[in-house]
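What follows is a set of notes on a single structure, which appears directly below.
Protein chains: 2
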Amino acid sequence: MARSTGHSRPVIKDVARLAGVSAPTVSRYLNGTVKVSEEKRARIAKAIEELGYEPSVVARALSNREMDTVVVFAANPEAFSTSETNHGVEKAARACRFLMNIVSLDESDMDSVEARVRMGLSVRPAGAIVYRYDRAGIKALDYLPKDLPLVVVGGGFGDADRQIVNAEREAGRWMTMHLLDLGHETVFHVTRPKGPTDNTRTDGWRDALEERGAVIHEPIVVSRDLEEAAAAGRALGERDDVTAVFAGDDETAVAVIRGLREKERQVPDDVSVVGFDDRNFAAMWSPALTSYGQNYLEMGRRAFRMLYEQVKARRDGVEPPPARVDVVEGQPALRDSEIEYVPWR
Amino acid sequence: MARSTGHSRPVIKDVARLAGVSAPTVSRYLNGTVKVSEEKRARIAKAIEELGYEPSVVARALSNREMDTVVVFAANPEAFSTSETNHGVEKAARACRFLMNIVSLDESDMDSVEARVRMGLSVRPAGAIVYRYDRAGIKALDYLPKDLPLVVVGGGFGDADRQIVNAEREAGRWMTMHLLDLGHETVFHVTRPKGPTDNTRTDGWRDALEERGAVIHEPIVVSRDLEEAAAAGRALGERDDVTAVFAGDDETAVAVIRGLREKERQVPDDVSVVGFDDRNFAAMWSPALTSYGQNYLEMGRRAFRMLYEQVKARRDGVEPPPARVDVVEGQPALRDSEIEYVPWR
DNA sequence: CTGAAAGCGCTTACAG
DNA sequence: CTGAAAGCGCTTACAG
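Protein chains in written order, with my numbering: chain A, 14 to 358; chain B, 14 to 358.
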């Protein structure tokens, strides 16, 4: 064996020998599965301390058939929502001494999804969390064994038995209604592609317009390249029927504002523009951007906890908690980028 | 064993049986360590295909004493640079079929660093990547076994044998010089706390001022709370000797601009302000924000590759490649937020 | 080239 | 409560 010499971390046998007990007893002490006499407990504790022993999670995993690991499957690793959610998962996992594996999915290479999932499962994680905002996430679900603890983040309500969703649609509806309530006759929408569910900002935008019987101008879809959003802003700036715009995210919103200005349209005086996500910079914009904040960090945190409940129940051999869909509420942040519409102005 | 019934993924023995060979032969086929006869290769391939067999990385890790995993230790998980770098590491790892474990470090709980490192090592990763931008990262290095392949990201040049650094200091110097070249007599600096190395934007800012013999006003240090940066902007706006500001990052820059405006100071007409990081939104600001872009994604990618070289060499039993410090260059993005300073205006 | 054997470091019935 | 034994699913000398 040419590889990895050197490592000489103590193993359970070393602890057992030093404590004068058998390895299984050390194991029992460590896992608390069976009582160990007080006297041996003390000796074992001392030996562990002395040796700086740390059990091998790999060996443990081979015996237990699973690791204290949660695997997260997510497309769009560069998205704000993804990294925030990841962070929340990691935070919660840390508290339970679980490790997080991130396996990114590639929307543009759907054929790779199965292999990616297999790879993620190859470490025999105790459970999986899938961000179901896109096609890759949805497809990934097909490849997960039915008996693996799973929590889905995002997507439509009830798309999975255990799910953490945000009230995206409701939020989109709220923002649009807000603009309509200010007197705007309709609201234009510039957004990155809508996900394949019916719980999106865009669905909410449409809901509001339909509810009020407003004219619906189809959304202008842009990519992450903000130049496209700025171009959309310019296009909108050339029409005289545009008084309000709901941008699908804050980055898009600021780009739209820029495009509008290039066409001499002031925000909010000529056109009201609101964003979504309530990113850090939104409040610093001029005008300070009105937006709607989602709590992705909290979503990630709850996703892990929900998963952990299942893992725990399974390990304890008890019934898993019942299916549940948790909604994490966001909240609007009203600022200065939208204004009342007065027709005769 | 109450736990995890159900799973019945095929194991190597199943493949061996179906192919009519022994398990070690399947293993050799899989790893290509020893030649396997053409005829058996075909039978094994077929069996694997038929069974949908995927080797257990856990079992493999127990034999090999390490996993095909890279563990990333990083503080500040919410920082832009961290998530971009993570993304780069994951991308490169994916290409080598390595999994990434993210273990976050807590700057505000330095006592937990050792435990976090132990936890990260417990999966016996093939190597580690440490982001050395802060005290927690530096401390983590102390707890890594000397024989574990390691790559350090960030920090000062030569802080480690294998390192990926960005030319932070040089970039900070460049931006400051740029402002000085425009005629500004000195440049104020608003920034989040400087890291504990001498390769930071702030060091570069100081270099430039010293080189030109300009007056050095101590940096105004702010947190991630942009309100603080806005307050700094207001404070700066009340002085009449402020004509140029170098903000340590784009978020801080826009907040400073807002603060300046609240004091009736226009950007760039009255005060030039430049940022750092060249975030997506920078170009959309008004005025479009001049900034300096670092390529964190590339840094992450290279960090993994550098690590992989070591892992590979070690597994092949050959000499590891020589120590190396790779510098990833960034580039300035000149836009509209700074302007020539004309004293008599 | 290939198989039988032993081992990686744990855990869990199985018997006291 | 505790130890000897067997097993988790691989890999690697060891002998052909």
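Yeah, the Cβ is synthetic: ideal placement off N, Cα and C, and Gly gets one too.
In the DSSP assignment, A/D339 is bridged to A/I177. A/H100 carries a helical assignment under DSSP once its states are collapsed to helix, strand and coil. For B/D263, at least one C-beta of chain A is nearer than 9 Å to its own C-beta. Against chain A, a Cβ distance below 9 Å from B/L75 picks out S69, V71, A72, A74, L75. With respect to B/G169, B/I177 sits apart: the two C-beta atoms are not nearer than 9 Å.
With 16 or more other Cβ atoms inside 10 Å of its own Cβ, B/E181 counts as buried.
Judged by DSSP secondary structure, A/D263 falls within the alpha helix (DSSP H) whose first and last residues are 263-275. Residue pairing from DSSP places A/T82 in a beta bridge opposite A/L112. Close to chain B, meaning a Cβ-Cβ distance shorter than 7 Å, are the following residues of the segment 228-250 of chain A: L239, A243. Contact check for A/I142 against A/F259 fails: the beta carbons are separated by 9 Å or more.
B/L192 and A/I270 have their C-alpha atoms spaced approximately 28 Å apart. Taking a beta-carbon distance threshold of 9 Å, B/K26 does not count as an interface residue toward chain A.
Annotation: the continuous alpha helix (DSSP H) that includes B/Q323 extends over 309-329. The three-state reading of DSSP puts A/A74 in helix, counting H, G and I together.
The contact set of A/M132 on chain B, defined by CB atoms closer than 9 Å, consists of E67, V70, R107, R110, L112 in chain order. Around the C-beta of B/K152, 16 or more other C-beta atoms lie within 10 Å, and the residue is accordingly described as buried. Between A/A105 and A/G150 a beta carbon distance of about 20 Å is seen, past the 8 Å cut, so the two are scored as non-contacting.
DSSP, read as helix, strand or coil, puts A/I61 in helix.
In terms of Cβ geometry, B/R292 and B/S304 form a close pair [threshold 9 Å]. Annotation: A/P23 has no Cβ neighbours in chain B at a cutoff of 7 Å; minimum Cβ distance is about 13 Å. In the structure shown, the three-state DSSP call for B/L163 is strand.
At a cut-off of 9 Å, the C-beta of A/N44 has no neighbouring C-beta in chain B. The segment 294-308 of chain B and the segment 235-244 of chain B do not touch, with fewer than 3 CB-CB distances between them shorter than 8 Å. In this structure, DSSP gives A/V28 a helical state, which the three-state scheme calls helix. Assigned with DSSP and collapsed to three states, A/T204 falls in strand. Counting along the chain, the unbroken beta strand (DSSP E) around B/Y305 starts and ends at 304-306.
In this structure, DSSP gives B/S299 a state outside helix and strand, which the three-state scheme calls coil. When C-alpha distances from A/D263 are compared across A/H230, A/E231, A/V34, A/W298, the shortest belongs to A/W298.
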